[in-house]
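Before any comments, here is the structure.
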Ligand SMILES: Cc1cc2nc3c(=O)[nH]c(=O)nc-3n(C[C@H](O)[C@H](O)[C@H](O)COP(=O)(O)O)c2cc1C
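Numbering (the numbering used here), first residue to last: 1212 to 1474.
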């Protein structure tokens, strides 16, 4: 088995229509707005699709909302879609080394707000997502993923077992802090997916690193579960008034200042 640790497993691509069954989140633009289309030999392959145009518009629409309207709750079915985006986020070796807490409980959110710089979106939004990463990698945790893979991919093959054996050799005896940092990076990928999905659904969100992780861990009893809080994401709807950031322009570096194209 050839793949180096940290690379994706060979055969990780999922052929077939699994993805096509998921309804597209980005919709609503007429096909003629998708321009320009590049002529190919056999078919027209658009350089941008209506979905990607809407997707980018929605990413431009979203911002780190500073004031949520406490009277507006995000419908459960939209939260479900955002959670599904988290579940679908790719992770190194498919380990998904984090858990997601979806908190509507007002008492728990009221406890978290003061240990999160008093950021009111936590209580004024309707849902608080807490991304909590594994505190380290263990053989049991890795084996659970191995078994899940085997269950869905025709049993334990030598390739599968060999790959995850290598992973255990590389990860299990490593410093817990290094393992946690690796797991937390995977949680950030899911955070990105969640923010993008929320934007597609016109749900507001505020990514937050401004909190005391140890205090949040205590409130949620994460240590006992072998987890550590990484990042928070309140969900809700922007308030009509009182958000200082709402009228401001989105500021991003110019493409030329951050993208190097090597042709
Ligand atoms: C990982 C991360 C942590 C952040 N932490 C906070 C935070 O604690 N409080 C806050 O108001 N904004 C926070 N932000 C928001 C950023 O300041 C904001 O995303 C950035 O300035 C870009 O602006 P925009 O998201 O409004 O487009 C955070 C963003 C990210 C991605």
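Using N, Cα and C, we set each Cβ at its ideal position, and we do this for glycine too.
Proximity test, residue i beta-carbon vs ligand 1 heavy atom, cut-off 8 Å
| i | result |
| --- | --- |
| residue 1279 | no |
| residue 1330 | yes |
| residue 1422 | yes |
| residue 1533 | Here the chain comprises residues numbered 1212 to 1474, so residue 1533 is not present and cannot be evaluated. |
| residue 1417 | yes |
| residue 1274 | yes |
Per-residue burial, residue i [other beta carbons within 10 Å of its own, 16 or more giving buried]
| i | result |
| --- | --- |
| residue 1234 | The predicted model places residue 1234 with a pLDDT of 32, which falls under 50 and marks its position as unreliable; any figure quoted below should be read in that light. Exposed. |
| residue 1466 | exposed |
| residue 1441 | buried |
| residue 1288 | exposed |
| residue 1244 | In this prediction, residue 1244 scores a pLDDT of 38, lower than 50, which makes its location untrustworthy; the coordinate-derived value is nonetheless stated afterwards. It counts as exposed. |
| residue 1211 | The chain is shown from 1212 up to 1474; residue 1211 falls before or after that span and cannot be answered. |
| residue 1246 | Legend: pLDDT at residue 1246 = 41, less than 50; position of this residue unreliable, value from coordinates given subsequently. So residue 1246 counts as exposed. |
| residue 1425 | exposed |
Residue i: first and last residue of the uninterrupted alpha helix (DSSP H) it sits in
| i | result |
| --- | --- |
| residue 1317 | 1317 to 1323 |
| residue 1427 | 1424 to 1431 |
| residue 1310 | Per DSSP, residue 1310 belongs to no alpha helix (DSSP H); it is in the beta strand (DSSP E), 1309 to 1314. |
| residue 1373 | 1369 to 1382 |
| residue 1447 | Segment 1438 to 1447 is the beta strand (DSSP E) holding residue 1447; no alpha helix (DSSP H) there. |
| residue 1451 | No alpha helix (DSSP H) contains residue 1451, which DSSP labels as neither H nor E. |
Endpoints, beta strand (DSSP E) assigned at residue i
| i | result |
| --- | --- |
| residue 1345 | 1338 to 1345 |
| residue 1267 | Unbroken run through residue 1267 is the alpha helix (DSSP H), 1261 to 1272; no beta strand (DSSP E). |
C-alpha gap between residue i and residue j, whole angstroms
| i | j | result |
| --- | --- | --- |
| residue 1459 | residue 1285 | 24 Å |
| residue 1448 | residue 1455 | 15 Å |
| residue 1268 | residue 1461 | 12 Å |
| residue 1472 | residue 1434 | 44 Å |
| residue 1316 | residue 1340 | 12 Å |
| residue 1256 | residue 1383 | 46 Å |
Nearest-angstrom beta carbon gap, residue j and residue i [assumed within contact, 8 Å]
| i | j | result |
| --- | --- | --- |
| residue 1416 | residue 1446 | 5 Å |
| residue 1406 | residue 1273 | 7 Å |
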